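A quick write-up on the structure given underneath.
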Amino acid sequence: MPQGKPAVVPDDGLTTRQRRARPLLMVHTGPGKGKSTAAFGMALRAWNQGWPVGVFQFVKSARWRVGEERALKILGASGEGGPVAWHKMGEGWSWIQRPGAQEDHAADAREGWEQIKRDLAAETYRFYVLDEFTYPLKWGWLDLDDVLDTLTGRPGAQHVVITGRDAPERLVEAADLVTEMGKVRHPMDSGQKGQKGIEW
1 MPQGKPAVVP DDGLTTRQRR ARPLLMVHTG PGKGKSTAAF GMALRAWNQG
51 WPVGVFQFVK SARWRVGEER ALKILGASGE GGPVAWHKMG EGWSWIQRPG
101 AQEDHAADAR EGWEQIKRDL AAETYRFYVL DEFTYPLKWG WLDLDDVLDT
151 LTGRPGAQHV VITGRDAPER LVEAADLVTE MGKVRHPMDS GQKGQKGIEW
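All residue numbers for the sequence shown refer to UniProt numbering, where the first residue is 1 and numbers rise by one.
What follows is the structure, given as structure tokens:
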């Protein structure tokens, strides 16, 4: 198995082992498809390591039954790897069709963030997926200073991956790993809607 070699070894007083075990804050952003998919792939790796995994879905509808949710829940209950908890924050995109409901979804997002803060403080999970979390930040539903302070000051060895378009620049600057998904072509460009097995 190939091993990555860092281009620079920082003079931070840490051993290679300590540096390698440092918990990461990661961001998957950009206009391309695959941000959540990549984060769920990382969650599979975390599950395989026996780490408790917490998934917090923002914006996507609570009615959606995505394949990753079913697979990770089954794996989490299998006793083979780590446990998996899956949380949905409100009814997601449905606020677009229901004028006046936006504040309810903002409240759901704030409630979800408060739960994440409690879990981070208690070190409930070793790996967190904050799916579509950039949107409540972009829309001003959550206080960015509070989010950054909480995430950068989290205790223990908790990894966090955040997905969504238009990640705030300050979040990008605070992250240890940032991937921007670019779009070259997508079936929606030619009028095709999402399909089973590809989008969910």
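Note that CB positions come from ideal geometry on N, CA and C, so glycine has one too. Computed from a prediction, not measured in an experiment: that's the story for all the values here.
### Query
At which residues does the beta strand (DSSP E) containing Asp-131 begin and terminate?
127–131
Q) Would you call the segment 103–115 and the segment 35–50 touching, i.e. three or more CB-CB distances under 8 Å? A) no
Rounding to the nearest angstrom, what Cα-Cα distance links Trp-93 and Val-59 in this structure?
Unreliable positioning characterises Trp-93 in this predicted model, as indicated by a pLDDT of 47, which lies under 50. The coordinate reading is nonetheless provided below. The alpha-carbon atoms of Trp-93 and Val-59 are separated by roughly 6 Å.
How big is the Cα-Cα spacing for Ala-157 and Leu-72? 21 Å
For His-186, which residues of its own chain have a beta-carbon under 7 Å away from its beta-carbon, when the five flanking residues on both sides are left out? Lys-33
The segment 41–50 in contact with the segment 78–88 per 3-pair CB rule at 8 Å = yes
Which residues in the same chain as Ala-85 place their Cβ atom closer than 6 Å to its Cβ, once the five residues preceding and following it in sequence are excluded? Gly-54
Q) Taking DSSP as the reference, what is the three-state secondary structure of His-186? A) coil
Secondary structure of Ala-174, DSSP reduced to three states = helix
ask   = Is the number of C-beta pairs between the segment 136–156 and the segment 181–199 that are closer than 8 Å three or more?
value = no
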